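Trainee: Below is the structure I would like to discuss, written out as structure tokens.
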Amino acid sequence: MGANDSQSADQGQIITIPRHVAIIMDGNGRWAKNRNSPRHVGHRAGVESVRTIVEACAKKGVQALTLFAFSSENWKRPKKEVGLLFDLFMIVLQRDIKRLKKNNVCLRVIGDKTAFPKKLQECIRMAEEKTAGNSGLVLQIAANYGGRWDITQAARKVAEKIKSGELQPGDITEATLNAELSFADLPDPDLFIRTGGEQRISNFVLWQLAYSEFYFSDRLWPDFDAAAFDLAIQAFSQRERRFGKTSEQIRTIKN
Ligand code: FPP
């Protein structure tokens, strides 16, 4: 199903709902600094925005939401901040299970989980297990994730298949590599959002953003509320996605 096939009427306007939204939740630290508070206060406030946007996506019928919670590069942050982020992550995983169930959300964590403390790995496993049967929104938390890491681990798997004779180098297509990436079973993100005023990908999803629409918001993540998300969806709705074709071809197909 294409993103255009899932439409909802909003104040008389036809809104196209993206199948998959990917978000870089930036600005927690600055939000806290603006309040003379330590950075972890911003991360805690950021959790409220996570809840708001997850519920908004579930309500709108978005198929998948991928949130960048901790990048492969975030290990470079002060040890204390990294530890507090892991604690927060564990608290949310334990406390929000009921809420996820209520909203029929299936939770997954993508990234190299092996580097996390054992306790956190166990919390992730439990949360994934408890929500695995939910058939609504797939909520992907990208943690210790990096787009380059994902492509590298996919290439390693393809190399293993070549080594075992299962595959010949000449057989490799885009689909071969795609199948080994972290979320091969989901559609590529239709809409990529970054909050906090910066306009970078920062080694988030790389391969699968090839044809995504980009939306940048100056709002700091804790201030990114349902209305701000609606604006992003409206902007997405107005984009013409051509996938290499001409505007005329797209209009002919639509009509
Ligand atoms: C970027 O803002 C934010 C992060 C690296 C962490 C995001 C974490 C949360 C929103 C809370 C936990 C999330 C889940 C899914 C449980 P920044 O700290 O780089 O902000 P700055 O650019 O203002 O310094």
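In the working numbering, the protein residues as written are 32 to 286.
We treat Cβ as the ideally placed atom computed from N, Cα and C, and that holds for glycine.
Predicted model only: the values in this text are computed from it and were never measured.
Apart from the five residues just before and just after G142, which ones in its own chain have a Cβ nearer than 7 Å to its Cβ?
Mentor: The residue labelled residue 142 in the question sits at position 111 within the sequence shown. Excluding residues within five positions, the ones whose Cβ falls inside 7 Å are A173, A174, N175 and Y176.
Trainee: Could you tell me how far apart the beta carbons of R270 and E244 are, in whole angstroms, since I believe they sit closer than 8 Å?
Mentor: On the sequence shown, residue 270 is found 239 positions in, with the first residue counted as 1. On the sequence shown, residue 244 is found 213 positions in, with the first residue counted as 1. Between R270 and E244 the beta-carbon gap is near 5 Å, inside 8 Å, which marks them as a contact.
Trainee: Could you please give the first and the last residue of the uninterrupted beta strand (DSSP E) stretch that includes E160?
Mentor: As a position in the sequence shown, residue 160 is number 129, starting the count at 1. It is not in any beta strand (DSSP E) - E160 instead sits in the alpha helix (DSSP H) that spans K149 to T162.
Trainee: So does the segment 199-214 actually touch the segment 63-81, counting three or more Cβ pairs closer than 8 Å?
Mentor: no
Trainee: The beta strand (DSSP E) with E244 in it runs from where to where?
Mentor: The residue given as residue 244 occupies position 213 in the sequence shown. E244 to F247 is the extent of the beta strand (DSSP E) around E244.
Trainee: Which same chain residues, not among the five before or five after G167, have their C-beta less than 8 Å away from its C-beta?
Mentor: Against the sequence shown, residue 167 aligns to sequence position 136. Excluding sequence neighbours, G167 sits near A89, N134, N135, V136 and C137.
Trainee: Can you tell me the Cα-Cα spacing of I264 and I193, whole angstroms?
Mentor: For the purposes of this step, residue 264 is taken as the residue at position 233 of the sequence shown. For the purposes of this step, residue 193 is taken as the residue at position 162 of the sequence shown. If I take the Cα positions, the gap works out to 42 Å.
Trainee: Determine, using beta carbons only, whether D221 and H51 come nearer to each other than 7 Å.
Mentor: Working through the sequence shown from its first residue, we reach residue 221 at position 190. Working through the sequence shown from its first residue, we reach residue 51 at position 20. For D221 and H51, yes; Cβs fall inside 7 Å.
Trainee: Given 8 Å as the limit, is there contact between the segment 245-253 and the segment 57-73, that is, 3 or more CB pairs closer than that?
Mentor: Yes: at least three Cβ pairs fall under 8 Å.
Trainee: Ignore the nearest five residues each way along the sequence and tell me which others in R61's own chain have a CB closer than 8 Å to its CB.
Mentor: Locating residue 61 in the sequence shown gives position 30, where the first residue counts as 1. Answer for R61: G73, G227 and L251, listed in chain order.
Trainee: Given 6 Å as the limit, tell me if D261 has its C-beta closer than that to any heavy atom belonging to the ligand FPP.
Mentor: Residue mapping note: residue 261 aligns to position 230 of the sequence shown, counting from 1. No.
Trainee: Since I182 contacts L237 with CB under 8 Å, what's their CB separation in whole angstroms?
Mentor: One-based indexing of the sequence shown puts residue 182 at position 151. One-based indexing of the sequence shown puts residue 237 at position 206. With 8 Å as the limit, I182 and L237 qualify as a contact, their Cβ atoms being about 7 Å apart.
Trainee: Taking the CB atoms as reference points, tell me whether A53 and L217 lie closer together than 7 Å.
Mentor: Reading the sequence shown from its first residue, position 22 is the one you call residue 53. Reading the sequence shown from its first residue, position 186 is the one you call residue 217. Not a contact, by the Cβ cut-off of 7 Å.
Trainee: Could you spell out where the alpha helix (DSSP H) holding N175 opens and where it closes?
Mentor: As a working mapping, residue 175 is identified with position 144 in the sequence shown. Run containing N175: none in the alpha helix (DSSP H); it sits in the beta strand (DSSP E), V169 to Y176.
Trainee: Let me make sure I understand the geometry here. Which of E153, Y242 and L116 has the alpha-carbon closest to that of N59?
Mentor: The residue labelled residue 59 in the question sits at position 28 within the sequence shown. Cα-wise, what sits closest to N59 is L116.
Trainee: Go to Q265, then tell me how far its alpha helix (DSSP H) extends in each direction, as first and last residue.
Mentor: By 1-based counting over the sequence shown, the position of residue 265 is 234. It spans A257 to S268 - the alpha helix (DSSP H) in which Q265 sits, taken as one unbroken run.
Trainee: In the DSSP assignment, find the unbroken beta strand (DSSP E) run with L115 in it and report its ends.
Mentor: The sequence position of residue 115 within the sequence shown is 84, counting from 1. Careful: L115 lies outside any beta strand (DSSP E), inside the alpha helix (DSSP H) at K110 to R126.
Trainee: Taking the straight line between their C-alpha atoms, what separation do you get for N35 and Q152?
Mentor: As a first step, residue 35 is located in the sequence shown; it is residue number 4 there, counting from the start. As a first step, residue 152 is located in the sequence shown; it is residue number 121 there, counting from the start. Low confidence applies here, because N35 scores a pLDDT of 42, under 50, leaving its location unreliable and the question unanswered by this model.
Trainee: Looking at the strands, I want to know which residues DSSP matches up with F274.
Mentor: Residue numbering aside, residue 274 sits at position 243 when the sequence shown is read from its first letter. DSSP lists no partner for F274.
Trainee: Exposed or buried, what is Q239 when buried is set at 16 or more other beta-carbons lying within 10 Å of its beta-carbon?
Mentor: Position 208 of the sequence shown, counting from 1, holds the residue named residue 239. Its Cβ being crowded by 16 or more others within 10 Å, Q239 is buried.
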